[in-house]
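Enquirer: Quick one: this structure, given as structure tokens, is what I'll be asking you about.
Residue numbers (the numbering used here): 6 to 246.
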């Protein structure tokens, strides 16, 4: 009975989030200029012209356009839509990336539920994920923006950091240490990718670092976690050099 209740409490926010973020993807919200910039850069990568559009204009790291280009390649975009010069056909070119953003927002809802249920309890998880699903401020995640791409990686980093608590590691005592180390490294990798998507994600370093240290009371694990957090974003300045 408890399992069915848990599943039911998870399904409700996911359904609400799917409706909020996937309904009428090209009709709402209105297109903004930044979406055109990121789409252009993704098509630049998809055309094999490299991740950096200009050798003098470095406003953001380029994981966002690499990620979008990879997703477009998988679904065969834009040729799969058979685009023409018709106005409606041109508008429909935004439906694929906007649906992708909506799917990522639904995944964000799931991650928020999992984070809250482990850190707090089932009631907090349900309320937090339901609020994320329906609050107008999260309509931003319907747009093709770097913030929408980095949020799943940031939330994944937080969730994996919470998992480093020994009470969540179900293996034997001898196998706990390698698993905790692996979770710490993965948490660092996801946070590094989030920063590599957009630099302001660097503000999450104290939060995730605190969770890692609080769970393990080990400077060594914290240092190992920090390595990918530092190295992955350094790809950006290294590439510019």
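Every residue, glycine too, gets a C-beta built ideally from N, C-alpha and C.
Is there contact between the stretch 114 to 131 and the stretch 32 to 39, where contact requires at least three CB pairs shorter than 8 Å?
Expert: Contact fails: fewer than three Cβ-Cβ distances are below 8 Å.
Enquirer: Is it true that the CB of residue 55 sits closer than 9 Å to the CB of residue 202?
Expert: Locating residue 202 in the chain shown gives position 197, where the first residue counts as 1. Locating residue 55 in the chain shown gives position 50, where the first residue counts as 1. Taking 9 Å as the Cβ cut-off, residue 202 and residue 55 do not qualify as a contacting pair.
Enquirer: Closer than 7 Å by C-beta to residue 207: which residues in its own chain qualify, once you throw out the five before and the five after it? Chain order, please.
Expert: Locating residue 207 in the chain shown gives position 202, counting from the first residue. Excluding residues within five positions, the ones whose Cβ falls inside 7 Å are 200.
Enquirer: Would you call the CB atoms of residue 77 and residue 48 closer than 9 Å?
Expert: Here residue 77 is taken as the residue at index 72 of the chain shown, counted from 1. Here residue 48 is taken as the residue at index 43 of the chain shown, counted from 1. Yes.
Enquirer: Is residue 10 helix, strand or coil by DSSP?
Expert: Stepping through the chain shown from its first residue, residue 10 is reached at position 5. Three-state result, residue 10: helix.
Enquirer: Quick one, which of 129, 83 and 151 has its alpha-carbon nearest residue 52's?
Expert: On the chain shown, residue 52 is found 47 positions in, with the first residue counted as 1. Answer by Cα proximity: 83.
Enquirer: Please name the residue, chosen from 101, 13 and 27, that lies closest to residue 2 on a Cα-to-Cα basis.
Expert: Absent from the model: residue 2. The displayed extent of the chain is 6 to 246, so no value can be given.
Enquirer: What is the rounded straight-line gap between the Cα of residue 142 and the Cα of residue 227?
Expert: In the chain shown, counting from the first residue as 1, residue 142 sits at position 137. In the chain shown, counting from the first residue as 1, residue 227 sits at position 222. If you take the alpha carbons of residue 142 and residue 227, they lie about 33 Å apart.
Enquirer: What whole-angstrom Cβ distance do residue 165 and residue 188 have, given they're in contact under 8 Å?
Expert: For the purposes of this step, residue 165 is identified with residue 160 of the chain shown, where counting begins at 1. For the purposes of this step, residue 188 is identified with residue 183 of the chain shown, where counting begins at 1. About 5 Å separates the two Cβ atoms, so the contact holds.
Enquirer: Using 10 angstroms around the beta-carbon of residue 246, count the other beta-carbons present and answer buried if the total reaches 16, otherwise exposed.
Expert: The count along the chain shown starts at 1 and reaches residue 246 at position 241. Flag for residue 246 reads exposed.
Enquirer: Go to residue 120, then tell me how far its alpha helix (DSSP H) extends in each direction, as first and last residue.
Expert: On the chain shown, position 115 is the one that residue 120 refers to. Counting along the chain, the alpha helix (DSSP H) containing residue 120 begins and ends at 100 to 124.
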